[in-house]
Structure formats: C-alpha cells, structure tokens
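If you're matching positions, the sequence shown starts at 474 in the working numbering and goes up one per residue.
Yeah, the Cβ is synthetic: ideal placement off N, Cα and C, and Gly gets one too.
A short write-up of the structure that comes next.
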Amino acid sequence: MKRVLTYLFAAGMMISAASLMFTSCTKEGPQGPAGANGTNGENGQDANATCTQCHNFSDLIVAKIFQYDASQHATGSVTTRNTTVCAPCHTSQGFQECLTTGAWETSETIQNPAPPNCRTCHKIHDTYTASDWSLRTEASFTNMLGGTTDITTEGGNSTGNLCGRCHQSRPATPEITDPTSTTTTLQPTSYRYGPHYGTQGPMLAGTGGYDINGDGLLANSYHTNRATCVDCHGAAASGNVTGGHTLWPNTTGCNISACHDGGVTTLNYEGKQTIIEEGLVMLVDKLALAGVVDTVGHPGYLDTSVPHTQKLLAIYYNYKFIQGDKSNGIHNFKRANGMITDGIAYLESLGY
C-alpha cells in the first residue's frame, strides 16, 4: 500500500511539472501594431424619419385596434381551421402565403395560427413608413371555381378584390353542369353540400349561383357596379360598434351624394331584407316538401339519402348561396330575390 501511494505521488509531481512546461511554452508575446481601420458601414434607418410616421403621439392606431377588437375577424373562432385547405382564409399566415404562391392551399398546416389582423391586409413593417398602410393587393384573381373575380366599381375602386379572396364560393362536389336539367340526377354524399360560407364576393359582383331557367334574366342591383365592400363596412366609425375597422356596416356609407344621399336610416331599406328573409323561409319549406332538404337527421341541410335532379340541386345551392351571403339582399337584392322567386315558382309548378 505504501508503494502504491509513492507511485501516485510521483505521478502527480510529473503531471504538475509538465503543466508548468506547457504553460511557459504557450505564453503570449507582446501585442503587435494596430491594424488599419475597416470601411464604414451603412447608416441604419432613422426612427424619427420612419417609425414615427405611424407610431406617433396620435390615437389613430389605438382607435383602429379598438375597432378591430370588436370585429368578427377578431372575435370569431375561425383560427381553429388551420389545415392546408382552410388556412388560406382562416389564418393570417395562410392568407399571406397563398397571396404569394397563387394557390388555394397552404404547403402545410399552419402552426400557431393567427386570426386575420393588421398584417393580413396591410403591408405592415415592409418599409416602416406610412406606405405600409396600403393594402397587400387590389388585383383581380382567378377564384376557386376557376372564373375571374374583379370587384371594381365604375369609379375604379378595386379594394373589394382583397376581401373577395376569402369571401367567395368554393366548389361543390358533385358539380352541377346543367342547372336547368329536370332529368339528370346527382347524389352528393355530404349534407353540407353547397358553396361553403362567406359568399359575399360573388353575390356583390353578380357572378354567383345558378340561373335555373337558363334565360339569362337574373338581374343585378345598383351595388354591383357602383359599391364596394369598404364603402359600407369601412365607413366612418361609430366607436367600436359600426364602420371603420369593426367592418360592421354603417349607413353613413350609404348616405352620400352619389348613392342614397341621406335616404337610408336602416339596413332594412324599403323592407328588402324582410322580403329576402321571408322568401328564404318559403323556399326552404318547399324544398323540404320536395324531399331535397333533410327534416330529421340534419334539419335544414341537404337530404343525401336520395339523388336529386340538377335543377332541384341548383335551387338548394342557390338557397345556401343566399344564406351564406348573410346580407339578406343588401349586397345584391335583385339577384338574391330572382333566385328565390325562380326557385319557388318551379317548386310550385311541381305541386309543392
């Protein structure tokens, strides 16, 4: 045991001596002369010239956030739809991605999805100047049905094309190829058959739904060529209740000299919303009598237990199209009312 301790002590002394030798070998010498100065870098942006264009002492941004927080975009539960086919409209990240790619699906499910917000519609922090308030796009586009959507007024206002990218119809499977046919049948497998929700864009543009008579007589209202989304939904804000970034419609936008010039005091102008509401009730009742609408398993939705003629299916599609628009005729009264009355007339001709 004593011999082992002696060996360990000797080994420790040798390691200590080696450490001293290596330390002395790697000792730094005196500092050399200073090198030449590098080239100057570019000056950064002056916050006083950029950021303060928006982030100033005014309450403008605070007011817009206050309004937005009361909007359907902020309060709805849409961000739960973050899969590839839903994310383009239900998440901010998906919308921006598809605006770049031109696709109607994202490359993958959006993680940590954000609801529509400032960056969704505006070029926030692209240039750090007031130009970042401009919209990301106002261009017309090829919609999900393969047609062209261009919500541009006669005065050249194309801002509605931004809204229309989400507020549009989606393809229904199986596709109706002849809405006038009373012989060929189709049998959808989903009781949720129809144009999906949010059909405001094609309703306003006068391009959605089916002409079940094939006579081209479906008319469009004044709004189709002369009004766009922001005219009413972005009118002067009333606190955080209507207008501004609440996007809830405000009759202030209707009462301008080129439009109603002070004659609108209610959204139910001339009782037209009531006409559409009552017409939809009558239409769905007759569709139920015809066996097109389910009254047991999924009340109010399509009955998928039997096939339907393309004409009957087109009437149901139009019903869902008008229902999904949610304006009850404000966006395009003539088109909505025409679809309803044509549908009721045909169903009554069958005895319903």
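What are the residues that DSSP puts in a beta bridge with residue i?
i           : result
residue 715 : 711
residue 621 : 615
residue 782 : 658
residue 608 : 595
Should residue i be labelled buried (16 or more other beta-carbon atoms within 10 Å of its own) or exposed?
i           : result
residue 504 : exposed
residue 806 : buried
residue 560 : buried
residue 729 : exposed
residue 431 : Because the chain in this structure spans residues 474 to 825, residue 431 falls outside the shown range and cannot be described.
residue 660 : exposed
residue 778 : exposed
residue 688 : exposed
residue 776 : buried
residue 787 : buried
residue 565 : buried
residue 678 : buried
residue 723 : buried
residue 545 : exposed
residue 706 : buried
residue 695 : exposed
residue 791 : buried
residue 511 : exposed
residue 808 : buried
residue 820 : buried
Mapping the DSSP letters down to three states, classify residue i as helix, strand or coil.
i           : result
residue 769 : coil
residue 572 : helix
residue 775 : strand
residue 793 : helix
residue 799 : coil
residue 808 : helix
residue 699 : helix
residue 529 : coil
residue 565 : helix
residue 814 : helix
residue 744 : helix
residue 589 : coil
residue 524 : helix
residue 688 : coil
residue 664 : coil
residue 578 : coil
residue 733 : coil
residue 757 : helix
residue 823 : coil
residue 751 : helix
residue 540 : helix
residue 726 : helix
residue 506 : coil
residue 519 : coil
residue 583 : coil
residue 680 : coil
residue 511 : coil
residue 547 : helix
residue 674 : helix
residue 558 : coil
residue 553 : helix
residue 603 : helix
residue 787 : helix
residue 720 : coil
residue 669 : coil
### Query
Contact between the segment 631–638 and the segment 699–709: three or more CB pairs below 8 Å?
A contact is defined here as three or more CB-CB pairs under 8 Å, and the segment 631–638 meets this definition with respect to the segment 699–709.
### Task
State whether the segment 749–767 contacts the segment 796–816, with contact taken as three or more CB pairs (one from each stretch) at a distance under 8 Å.
With the cut-off at 8 Å, the segment 749–767 and the segment 796–816 touch.
### Query
Any chance the segment 780–788 sits against the segment 650–657, with 3 or more Cβ pairs inside 8 Å?
The segment 780–788 is in contact with the segment 650–657.
### Query
Between the segment 754–771 and the segment 816–825, do three or more beta carbon pairs fall short of 8 Å?
Note that the segment 754–771 touches the segment 816–825; at least 3 beta-carbon pairs, one per stretch, sit closer than 8 Å.
### Message
With three or more beta-carbon pairs closer than 8 Å as the criterion, would you say the segment 578–596 touches the segment 605–624?
### Response
In this structure the segment 578–596 touches the segment 605–624; the number of beta carbon pairs closer than 8 Å is three or more.
### Message
Does the contact criterion of 3 or more C-beta pairs under 8 Å hold for the segment 578–585 versus the segment 623–632?
### Response
Touching, no.
#### Entry: Given 8 Å, three or more beta-carbon pairs between the segment 704–716 and the segment 538–549
Three or more Cβ pairs closer than 8 Å define a contact, and the segment 704–716 meets that threshold against the segment 538–549.
### Query
Would you say the segment 568–577 touches the segment 544–556, given that touching needs at least three Cβ pairs under 8 Å?
Because the criterion of three Cβ pairs below 8 Å is not met, the segment 568–577 and the segment 544–556 do not touch.
### Query
How about the segment 791–800 and the segment 669–678: do they share at least three Cβ pairs that are nearer than 8 Å?
Taking one beta carbon from each stretch, the segment 791–800 and the segment 669–678 have 3 or more pairs nearer than 8 Å; the two touch.
### Task
For the segment 627–654, list the alpha helix (DSSP H) runs that are entirely contained and at least 4 residues long, ordered along the chain.
Runs found: 633–637.
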